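Peer 1: Let me give you the structure first, and then I'll get to my questions.
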Amino acid sequence: MRQTLKVQTEESCEYLIDITDNKFSKLNQEIYEYTHTQKRLVVISKKVHKLYSEELDFKEEELLILPDGEQEKNIKNYLKIIERASQMGLTRKDVIIAVGGGVIGDIAGFAASTYMRGIDFIQVPTTLLSAVDSSVGGKTAIDLQYGKNLLGTFYQPKKVFININFFKTLDNRQNMSGLGEVLKYAFIENSCGYKVPQYLFEFLTLGCEKIMAREPLTLIRIIEYCLNLKIAVVNQDEKEGGLRKVLNFGHTLAHALETITKYKKYTHGEAVVYGIFFIFDWAYKQGQISYSYYRLSLDLLEKYGFKPLKKKYSPQELVEIMKHDKKASPRKITFIVPSDKKEVHEIKLSPKQVRSMLAQI
Ligand code: GLY
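My numbering numbers the first residue of the sequence shown as 22 and each following residue consecutively.
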């Protein structure tokens, strides 16, 4: 089974995304066909290397193995990639391939976009989260002590190879993290500007068992639905001038939670789901959404086993972190808020308003 999707941005950047359940031998062959005239630096996650080094056909000397975890998305590891690319003598004609989750994709993409002012980059996402979100759309970054993704570029990959066989070995927590981002798309579908209804909300409600069981064809459909929405957004607004902000639904609180806990306590998807619960509560209390939509949405999140955040964090500290968010202006913090069924809009609040909003958690 193979689905191929195409990204085509307004700035005329074009690339294909393959979603398959093919054997790894086929993946190797396709990567080879795509890159055999180039020198390749393969930045691979330590976990993925341990599990799949036999199956994946990369030469030892092409590999740079990096540890997993958001705390590894730092300047030290970025420089390791750049130094390795220089040692290997990579030129502008060559390629960096990222094999791993969002951390590997983001950091390798940032290195590819800055090394010699930009060389080819290929994404091979190995987690559900990176397949449905970070491997597509060209956001690359590393984190700084002041916040997540503060140093980065928009730099589209030349190709994305999604092979769902990698997901078989995801632990439950990582799988749930990916489902957190998948659920996000259900709540923003009608704001993405995709012409064909995906009925993702309904599909996720009815297909919960198959999705939780990681049934291959269902996973391929889910990834396709989510990426259709993401591509529609990216095609219209690659650099996040406006529309692309809808993809940040749940993310304002999520990034602050990840930062306040030094990226050690929550997976990205968990933090996003806490952000979604929080903003649904707030929107309902503000009278911005009906009780029936509020309840249906919470039911969907709970069906997948998600719960609202219990732990309390200082509103003052969270607000200080939010002020450093890329989407924030000096005096305003941006939230993406549900407005109607499967629709969201952007609001900007003062730090004082956000403190009182957070005090209600
Ligand atoms: N993850 C949000 C975006 O790609 O814009």
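Cβ atoms here follow ideal geometry from the backbone N, Cα and C, with glycine treated the same way.
Please read these numbers as outputs of a predicted model, since none were measured by experiment.
Between the stretch 140-156 and the stretch 178-197, do three or more beta carbon pairs fall short of 8 angstroms?
Peer 2: Yes, they touch.
Peer 1: To which residues of the same chain is F301 closer than 7 angstroms at the C-beta, ignoring the five residues directly before and after it?
Peer 2: Excluding positions up to five away in sequence, the list reads Y315, S318, L319 and P359.
Peer 1: Report the option in V120, K80 and R242 whose CA atom is closest to the CA atom of Y26.
Peer 2: At residue 26 the sequence reads Leu, which differs from the Tyr that was named. Selected option, being the one with the closest Cα: R242.
Peer 1: Using a Cβ-Cβ cutoff of less than 7 angstroms, which residues in the same chain neighbour G296 once the five nearest sequence positions on both sides are dropped?
Peer 2: Excluding positions up to five away in sequence, the list reads G271, H272, T273, L274 and A275.
Peer 1: Quick one: give me the first and last residue of the alpha helix (DSSP H) that A119 is part of.
Peer 2: No alpha helix (DSSP H) contains A119, which is instead part of the beta strand (DSSP E) from V116 to G121.
Peer 1: Would you decide whether L225 is buried or exposed? Buried here means 16 or more other CB atoms lie within 10 Å of its CB.
Peer 2: The residue is buried, with at least 16 neighbouring Cβ atoms inside 10 Å.
Peer 1: Please report the straight-line C-alpha distance between I52 and M343, rounded to a whole angstrom.
Peer 2: Rounded to the nearest angstrom, the two C-alpha atoms are 40 angstroms apart.
Peer 1: Can you look up R113 in the DSSP assignment and give me helix, strand or coil?
Peer 2: R113: coil per DSSP, three-state reduction.
Peer 1: Helix, strand or coil for Y36, going by three-state DSSP, please let me know.
Peer 2: Of the three classes helix, strand and coil, the one that applies to Y36 here is strand, per DSSP.
Peer 1: Quick one: grab the DSSP three-state call for P359.
Peer 2: Residue state, collapsed to three classes: strand.
Peer 1: Hey, would you say R61 sits closer than 7 angstroms to E83, going by beta carbons?
Peer 2: Contact: yes.
Peer 1: Given a cut-off of 7 angstroms on the beta-carbon distance, is the pair K97 and T280 in contact?
Peer 2: Not a contact, by the Cβ cut-off of 7 angstroms.
Peer 1: Confirm the yes/no value for this check: CB of K80, any heavy atom of the ligand GLY, distance under 6 angstroms.
Peer 2: Outside the cutoff, so no.
Peer 1: Would S134 pass as a contact of T161 if the rule is Cβ separation under 7 angstroms?
Peer 2: Going by C-beta atoms, S134 is nearer than 7 angstroms to T161.
Peer 1: So does R23 have its beta carbon nearer than 6 angstroms to some heavy atom of the ligand GLY?
Peer 2: Not under cutoff, so the answer is no.
Peer 1: Any chance the stretch 280-293 sits against the stretch 200-209, with 3 or more Cβ pairs inside 8 angstroms?
Peer 2: They touch, by the three-pair rule.
Peer 1: With a threshold of 6 angstroms on Cβ separation, who are the neighbours of Y334 within its own chain once the five nearest residues in sequence on each side are excluded?
Peer 2: Cβ neighbours of Y334 beyond the five flanking positions: I281.
Peer 1: Tell me the DSSP secondary structure of A304 in three-state form.
Peer 2: Residue state, collapsed to three classes: helix.
Peer 1: By Cβ distance below 6 angstroms, which residues in the same chain neighbour L370 in space, the five residues on each side in sequence not counted?
Peer 2: Answer for L370: I354, listed in chain order.
Peer 1: Which residue marks the beginning of the beta strand (DSSP E) containing S66, and which one marks its end?
Peer 2: Run containing S66: R61 to S66, per the beta strand (DSSP E) assignment.
Peer 1: Compute the minimum distance between the beta carbon of R105 and the heavy atoms of the ligand GLY, and state whether it is under 6 angstroms.
Peer 2: Incorrect: R105 has no Cβ contact closer than 6 angstroms to the ligand GLY.
Peer 1: For the ligand GLY, is there any heavy atom lying closer than 6 angstroms to the beta carbon of G201?
Peer 2: Not so, every heavy atom of the ligand GLY lies at least 6 angstroms from the Cβ.
Peer 1: Alpha carbons only, please: which of F299, T30, S350 and D346 is nearest the one belonging to S377?
Peer 2: The option with the nearest alpha carbon to S377 is F299.
Peer 1: In the DSSP output, which residue or residues are listed as bridge partners for T282?
Peer 2: According to DSSP, which records beta bridges pairwise, T282 is partnered with nothing at all.
Peer 1: For Y325, which residues of its own chain have a beta-carbon under 7 angstroms away from its beta-carbon, when the five flanking residues on both sides are left out?
Peer 2: Correct list, in chain order: L200, L204 and C229.
Peer 1: Starting from R376, follow the alpha helix (DSSP H) in both directions and report where the run begins and ends.
Peer 2: P372 to L379 is the span of the alpha helix (DSSP H), which, as asked, contains R376.
Peer 1: I need the boundaries of the beta strand (DSSP E) containing F182, first residue and last residue.
Peer 2: It spans K180 to N184 - the beta strand (DSSP E) in which F182 sits, taken as one unbroken run.
Peer 1: Assuming contact is defined by CB atoms lying nearer than 7 angstroms, are Q177 and D115 in contact in what I supplied?
Peer 2: No, Cβ-Cβ distance for Q177 and D115 is not below 7 angstroms.
Peer 1: Output needed for A106: all residues of its chain with C-beta closer than 6 angstroms, excluding positions within five of it in sequence on either side, in chain order.
Peer 2: Around A106: L62 and Y136.
Peer 1: Considering only residues of the same chain and omitting the five flanking positions on each side of L171, which have a CB-CB separation below 6 angstroms?
Peer 2: Hits under 6 angstroms: L165.
Peer 1: When the distance is taken between beta carbons, is A152 closer than 7 angstroms to C213?
Peer 2: Contact flag unset, no.
Peer 1: Keeping to the same chain, check which residues put their C-beta closer than 8 angstroms to that of Q309; ignore five residues upstream and five downstream.
Peer 2: Cβ within range, chain order: V358, P359 and S360.
Peer 1: Identify whether S350 lies in helix, strand or coil by the three-state DSSP scheme.
Peer 2: If DSSP states are grouped into helix, strand and coil, S350 belongs with the strands.
Peer 1: Which runs of the alpha helix (DSSP H) at least 4 residues long sit entirely within the stretch 187-254? Give them in chain order.
Peer 2: As far as the stretch 187-254 is concerned, its whole alpha helix (DSSP H) runs of at least 4 residues are 193-209, 221-227 and 229-233.
Peer 1: Report yes or no: is there a C-beta of chain B within less than 7 angstroms of the C-beta of R194?
Peer 2: This model lacks chain B altogether, as it is built from one protein chain only.
Peer 1: Hey, is D154 close to the ligand GLY, as in C-beta under 6 angstroms from one of its heavy atoms?
Peer 2: Yes.
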